[in-house]
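Colleague:
Residue numbers (my numbering): 5 to 751.
The structure is reproduced here in structure tokens:
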């Protein structure tokens, strides 16, 4: 079904887990219900997410220290700890070298606080995104050497800095690498390389964030320094750092499974009661529209606790963007300074500054997005005019786009159009006049099925530099090579992309029944939190619900629906969907894709369904296809039985004409099929279905009293001939044929 609320006409696919078709599925669900005392819907969710046995499900729901792995299982961990603790003991100057995103900022902050607590001579260094770019550089190494540093510890970076680390070694500086990015080629020549993605690393969980690896490093230091067990080291360090580790893990969109589930759960709990001045101030500023409301009471015994529950959403959409904004358009050390703040006054100033920077980032993001959308619309219009194929990869460039923001805009473009996109900025790349040799820096996002790094590799001779991951990558390209690059990457993508790959996809967890949607069930689903990548908020499907009422909210920006299913009235809300664009009307039978939610408003808790999508029910669509087929058969002369009720009488034809004539007199020349059926069937004995209605409209057209076009997306366009002479239904050849077909069917 084409969804009029969207800006594209992509197919919309709802998919369910393959576990539904496995023969042992029902048995696994029944076992979890019996052994754990949970409801069937919860059990189905757990089985669909891979927790098929009672032991697996219980470990997942308990989410305790049993999920923790000994950090010393990581390759090179002991060597990294030994070199670091020796530097602390010998009072060497240590520099923590980090990335400028949230993962990097929380990594730098955590390790700095830990080493400072040991009495180390330690400082932080994060490169400037615009002037220095990502990762280590020889120029930065020279700066640090001039300051007397003898040990660099990288966090959330360094795994590909082979040349820079070799250079540091050549001038007398050791490097310990802690990172979580994929390893490509030889490992850097560091004293130690701690990265679970090392090919020779047997650590059981590979999906830690950079700050997760740093926290493992801190725990290992405590194990060795204080002769503790892994559990004891975890206990002594988690209360100091787990909030920061959770923020970095959520912000870096790491899978919320295994250790990450434990990290995020523990960290979010800490955040709700944090007394870290920087975080308290930032939470207060978020709830206060960018302003800290009670700076004097943010620390000490009168800490102002955040009123909102701190969950993954608040971190991902509230805390993380503000920390990230510093590295995108200012300097990431401002965010580090906030997290290191030890007074309420200092924290409030820094928190408000980050909010201002984030507001500036939002303005820039929207400005670039509007320009990009206009460029895409123009490009698509030109393709349509000239008959050339539309792009399969959107490649745009501009001299004034901020480098730190183009990646976010690329994400928006890919989400909006369902296509890979690359935005290239020449900000700061020109020295005076524009030159064909100017180097632009780009950021790209892709869709599942098209590996962006492999696509860039196909154009490697046109690029000065590129790298990244399957769905996100960066590149550097000369201005003169952009047209050829655009052509080349589009040719590459055209050979791979299918309509299914560019469709809007919704991954549902399971189909449910109306009687399962209860407050008790919603509360039980909260046991699956925290939600995120790898453990998303459960998405459910309810089939064949009837829309009862459509209510606009927020000035028509949102829609509230009440629906009936199996005698149960359910409240739903669809954010961002205007009632005027709703792909259904009251009375329609629909399938709902939604998340079960508890609305807590002024102390009153109620159940609501947060809609993600809606479509005319599969059963109704099947019925309509069957009716369309029967209509075609009747028009071709197929016999008709009396029981089908397809041959209209004079009163039924007159009732349809009366409705059309009434609308025409009021200037309405279109009518929905759904509305027309509802109005002509208001009489107690009326019985006009879709097939009979369409036959009646053809009869009226043949009679010359009106002209009705075939329906388009459920709407009829019509004209009424008010000057038509009096006539009868016998004037319609179709009416005469229908009587003959009825006689043949009854013979």
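Heads up, the beta-carbon is just placed ideally off N, CA and C, and yes, glycines get one too.
Keep in mind that this is a model prediction, so the values were computed, not measured.
Which whole-angstrom value is the C-beta distance of residue 478 and residue 446, which I expect to be below 8 angstroms?
Modeller: Locating residue 478 in the chain shown gives position 474, counting from the first residue. Locating residue 446 in the chain shown gives position 442, counting from the first residue. About 7 angstroms separates the two Cβ atoms, so the contact holds.
Colleague: What is the C-beta distance between residue 203 and residue 209, in whole angstroms, given that I count them as a contact (C-beta under 8 angstroms)?
Modeller: As a position in the chain shown, residue 203 is number 199, starting the count at 1. As a position in the chain shown, residue 209 is number 205, starting the count at 1. Actually they are not in contact, since the Cβ atoms of residue 203 and residue 209 sit about 16 angstroms apart, beyond 8 angstroms.
Colleague: Based on the DSSP output, what are the partners of residue 544 in its beta bridges?
Modeller: One-based indexing of the chain shown puts residue 544 at position 540. For residue 544, which the question treats as bridged, DSSP gives the partners 514, 598.
Colleague: For residue 309, does the count of other Cβ atoms within 10 angstroms reach 16, so buried, or fall short, so exposed?
Modeller: In the chain shown, counting from the first residue as 1, residue 309 sits at position 305. For residue 309, the predicted structure reports a pLDDT of 49, less than 50, and the residue's modelled location is therefore unreliable. The matter cannot be settled from this model.
Colleague: What is the rounded straight-line gap between the Cα of residue 131 and the Cα of residue 602?
Modeller: The count along the chain shown starts at 1 and reaches residue 131 at position 127. The count along the chain shown starts at 1 and reaches residue 602 at position 598. Just so you know, the alpha carbons of residue 131 and residue 602 end up roughly 44 angstroms apart.
Colleague: Would you kindly work out how many angstroms separate the C-alpha atoms of residue 398 and residue 87, rounded to a whole number?
Modeller: Stepping through the chain shown from its first residue, residue 398 is reached at position 394. Stepping through the chain shown from its first residue, residue 87 is reached at position 83. Their backbone Cα atoms lie some 48 angstroms apart in a straight line.
Colleague: When the Cα atoms are used, what is the spatial distance from residue 746 to residue 627?
Modeller: By 1-based counting over the chain shown, the position of residue 746 is 742. By 1-based counting over the chain shown, the position of residue 627 is 623. Cα-Cα distance, rounded: 22 angstroms.
Colleague: Count the C-beta pairs between the stretch 630 to 642 and the stretch 537 to 554 that are closer than 8 angstroms, then say yes if the count reaches three, no if not.
Modeller: no
Colleague: Given a threshold of 16 other Cβ atoms within 10 Å of its Cβ, counted over all protein chains shown, does residue 573 qualify as buried or as exposed?
Modeller: Translated into positions along the chain shown, residue 573 becomes position 569. Residue 573 is exposed by the Cβ-count criterion.
Colleague: Runs of 3 residues minimum, wholly inside the stretch 423 to 499: which ones carry the beta strand (DSSP E) assignment?
Modeller: 425 to 429, 443 to 449, 469 to 472, 476 to 482
Colleague: Note down, in chain order, each residue of its chain lying with its Cβ closer than 7 angstroms to the Cβ of residue 326, except the 5 sequence neighbours on either side.
Modeller: Taking the first residue of the chain shown as 1, we reach residue 326 at position 322. Here the set comprises 286, 358, 359, 362.
Colleague: Please look up how many angstroms separate the CB atoms of residue 225 and residue 89, rounded, as I've assumed it's under 8 angstroms.
Modeller: By 1-based counting over the chain shown, the position of residue 225 is 221. By 1-based counting over the chain shown, the position of residue 89 is 85. With 8 angstroms as the limit, residue 225 and residue 89 qualify as a contact, their Cβ atoms being about 6 angstroms apart.
Colleague: Using the Cβ count rule (16 or more neighbours within 10 Å means buried), how would you classify residue 500?
Modeller: As a working mapping, residue 500 is identified with position 496 in the chain shown. By the 10 Å Cβ count, residue 500 comes out exposed.
Colleague: Quick check on the DSSP output: the alpha helix (DSSP H) that includes residue 575 runs from which residue to which?
Modeller: Within the chain shown, residue 575 is the residue found at index 571, counting from 1. Not the alpha helix (DSSP H): residue 575 falls in the beta strand (DSSP E), residues 572 to 578.
Colleague: Would you identify the three-state DSSP class for residue 745, choosing helix, strand or coil?
Modeller: In the chain shown, the residue the question calls residue 745 occupies position 741. In the structure shown, residue 745 sits in a helix (DSSP, three-state: H, G or I).
Colleague: Per DSSP, which residues does residue 612 bridge with? Please list them.
Modeller: The residue you call residue 612 lines up with position 608 of the chain shown. DSSP, once it has assigned bridges, lists 601 as partnering residue 612.
Colleague: How big is the Cα-Cα spacing for residue 667 and residue 588?
Modeller: Mapped onto the chain shown, residue 667 falls at position 663. Mapped onto the chain shown, residue 588 falls at position 584. Each residue's Cα considered, the two are about 21 angstroms apart.
Colleague: Candidates 122, 556, 123, 102: which alpha carbon is nearest residue 156's?
Modeller: If you number the chain shown from 1, residue 156 lands on position 152. Of 122, 556, 123, 102, the residue nearest in Cα terms is 102.
Colleague: Between residue 307 and the rest of its own chain, which residues show a CB-CB distance below 7 angstroms, the 5 nearest in sequence each way excluded?
Modeller: Locating residue 307 in the chain shown gives position 303, where the first residue counts as 1. Bear in mind that the predicted position of residue 307 carries a pLDDT of just 47, short of 50, making it too unreliable to give a figure here.
Colleague: Count the CB pairs spanning the stretch 368 to 376 and the stretch 404 to 423 that are closer than 8 angstroms, and state whether there are at least three.
Modeller: By the Cβ rule, the stretch 368 to 376 counts as touching the stretch 404 to 423, because three or more pairs are nearer than 8 angstroms.
Colleague: In angstroms, rounded to a whole number, what distance separates the CA positions of residue 714 and residue 742?
Modeller: Along the chain shown, read from residue 1 onward, the residue named residue 714 stands at position 710. Along the chain shown, read from residue 1 onward, the residue named residue 742 stands at position 738. One C-alpha to the other measures close to 19 angstroms.
Colleague: Reducing DSSP to helix, strand and coil, say where residue 228 ends up.
Modeller: Residue mapping note: residue 228 aligns to position 224 of the chain shown, counting from 1. Secondary structure at residue 228: helix, using DSSP grouped into helix, strand and coil.
Colleague: Give, in chain order, every unbroken run of the beta strand (DSSP E) that is at least 3 residues long and sits entirely within the stretch 696 to 721.
Modeller: 710 to 712
Colleague: Considering only their Cβ atoms, is the gap separating residue 342 from residue 355 smaller than 8 angstroms?
Modeller: In the chain shown, counting from the first residue as 1, residue 355 sits at position 351. In the chain shown, counting from the first residue as 1, residue 342 sits at position 338. Taking 8 angstroms as the Cβ cut-off, residue 355 and residue 342 qualify as a contacting pair.
Colleague: If you reduce the DSSP assignment to three classes, tell me which class residue 173 lands in.
Modeller: Locating residue 173 in the chain shown gives position 169, where the first residue counts as 1. DSSP, reduced to helix, strand and coil, places residue 173 within a helical segment of the structure shown.
Colleague: Taking 8 angstroms as the cut-off, does the stretch 170 to 177 touch the stretch 117 to 135 (at least 3 CB pairs, one atom from each stretch)?
Modeller: no
Colleague: Would you mind stating whether residue 663 and residue 720 have Cβ atoms separated by less than 8 angstroms?
Modeller: The residue labelled residue 663 in the question sits at position 659 within the chain shown. The residue labelled residue 720 in the question sits at position 716 within the chain shown. No; because the gap between Cβ atoms is not below 8 angstroms, this pair is not in contact.
Colleague: CA-CA distance, residue 483 and residue 136?
Modeller: Residue 483 sits at position 479 when you count from the first residue of the chain shown. Residue 136 sits at position 132 when you count from the first residue of the chain shown. Their backbone Cα atoms lie some 20 angstroms apart in a straight line.
Colleague: Just to confirm the assignment, what range does the beta strand (DSSP E) spanning residue 265 have?
Modeller: Residue 265 sits at position 261 when you count from the first residue of the chain shown. Counting along the chain, residue 265 falls outside any beta strand (DSSP E), though it belongs to the alpha helix (DSSP H) covering 262 to 276.
Colleague: Could you tell me whether the Cβ atoms of residue 4 and residue 265 are closer together than 8 angstroms?
Modeller: Residue coverage of the chain in this structure runs from 5 to 751, which leaves residue 4 outside it and unanswerable.
Colleague: Please classify residue 487 as buried or exposed, where buried requires at least 16 neighbouring CB atoms within 10 angstroms.
Modeller: In the chain shown, residue 487 corresponds to position 483, counting from 1. Counting other Cβ atoms within 10 Å of its Cβ, residue 487 stays below 16 and is therefore classed as exposed.
Colleague: Sorted by chain position, which residues of the same chain lie with C-beta nearer than 6 angstroms to residue 95's C-beta, five sequence neighbours on each side aside?
Modeller: As a working note, residue 95 is residue 91 in the chain shown. Correct list, in chain order: 125.
Colleague: Give me, in chain order, the residues of the same chain whose beta-carbon lies closer than 6 angstroms to that of residue 191; leave out the 5 immediate sequence neighbours on both sides.
Modeller: Locating residue 191 in the chain shown gives position 187, where the first residue counts as 1. Listed in chain order, the non-local C-beta contacts of residue 191 below 6 angstroms within the same chain comprise 197, local neighbours out to five positions each way being set aside.
Colleague: Beta-carbon within less than 6 angstroms of residue 763's beta-carbon, same chain only, minus the 5 sequence neighbours each way: which residues are those?
Modeller: Absent from the structure is residue 763, since the part of the chain shown begins at 5 and ends at 751.
Colleague: Excluding sequence positions up to five away, which residues of its chain have a Cβ less than 7 angstroms from the Cβ of residue 14?
Modeller: Counted from its first residue, the chain shown places residue 14 at position 10. Within the same chain, residue 14 has close Cβ partners 422, 506, 507, 508.
Colleague: Can you tell which of 251, 470, 531 has the C-alpha that lies nearest to the C-alpha of residue 106?
Modeller: One-based indexing of the chain shown puts residue 106 at position 102. Comparing Cα-Cα distances from residue 106 to each of 251, 470, 531, the minimum goes to 251.
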